[in-house]
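Asks: Quick note on the numbering used here: the sequence shown kicks off at 8 and runs consecutively.
Ideal Cβ placement from N, Cα and C applies to all residues, glycine included.
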Amino acid sequence: ALSHSRWISRDFIRLEIYQKLMSRIMDFNDHVKLFKPESASAILWSMTTIFESPHYQQRLDEKDLGQVRRLLFDLFHKIGPLLLVEKLDSLDSSRAMWAMSKAAYTLDTGIFDHLASKLGDQIQSREVPVQHVAQSLWACAKISSWEDPLVDQIGRAHV
């Protein structure tokens with residue numbers, strides 16, 4: 008398996024590629040509702056991982072970072088509701104929570120709260136891998152610490 012840092016090679020991550028990929032996902036409009044919750048979680052985690060990588064962020068100026076962050080928030084807004092299901096694997100819950108926290112996406116905290124509640128139920132009722140619990144605890148601590156004017160601006164645009 009390729010390590011995370013090797014997969015995000017210096018030649019792969021360019022603003023144009025990221026934007027095209029993000030736009031392509033967003034263009035699925037009618038097909039987005041056909042995504043499985045597991046796919047939504049994986050997409051949010053992957054796109055956030057790319058966006059938040061120092062290698063990627065070093066290549067963008069402040070204007071481009073803001074533009075790409077808005078695209079990422081649009082993606083969360085569009086496919087996040089797919090995570091509002093009764094049964095979601097602890098891996099999918101924890102990585103969606105991680106992505107929301109890492110990206111400082113606090114516009115739809117109801118989704119985050121739903122994931123945290125369902126994961127809490129899973130922890131009480133059966134064994135959940137420690138990594139998923141730890142990742143979720145980190146996400147809960149991180150999401151509560153975000154206060155970002157850009158988040159407020161983007162939030163007003165979606166209301």
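How would you label Q142, buried or exposed, when you count the other beta carbons within 10 angstroms and need 16 or more for buried?
Replies: Per the 10 Å Cβ criterion, buried.
Asks: Given 8 Å as the limit, is there contact between the stretch 76 to 88 and the stretch 41 to 54, that is, 3 or more CB pairs closer than that?
Replies: These segments touch.
Asks: Looking only at its chain, what residues have a beta carbon closer than 6 Å to the beta carbon of K109, apart from the 5 residues adjacent to it on each side?
Replies: Cβ neighbours of K109 beyond the five flanking positions: T55, E59.
Asks: From V75 to I24, what distance separates their C-alpha atoms?
Replies: Rounded to the nearest angstrom, the two C-alpha atoms are 11 Å apart.
Asks: Starting from Y63, trace the alpha helix (DSSP H) both ways and give me its first and last residue.
Replies: Where Y63 is concerned, the enclosing alpha helix (DSSP H) stretches over 61 to 65.
Asks: Could you tell me whether the stretch 133 to 142 touches the stretch 92 to 110, where touching means 3 or more Cβ pairs closer than 8 Å?
Replies: At 8 Å Cβ cutoff, the stretches touch.
Asks: Identify the continuous alpha helix (DSSP H) that holds E69 and give its terminal residues.
Replies: From DSSP, the alpha helix (DSSP H) with E69 extends over 69 to 86.
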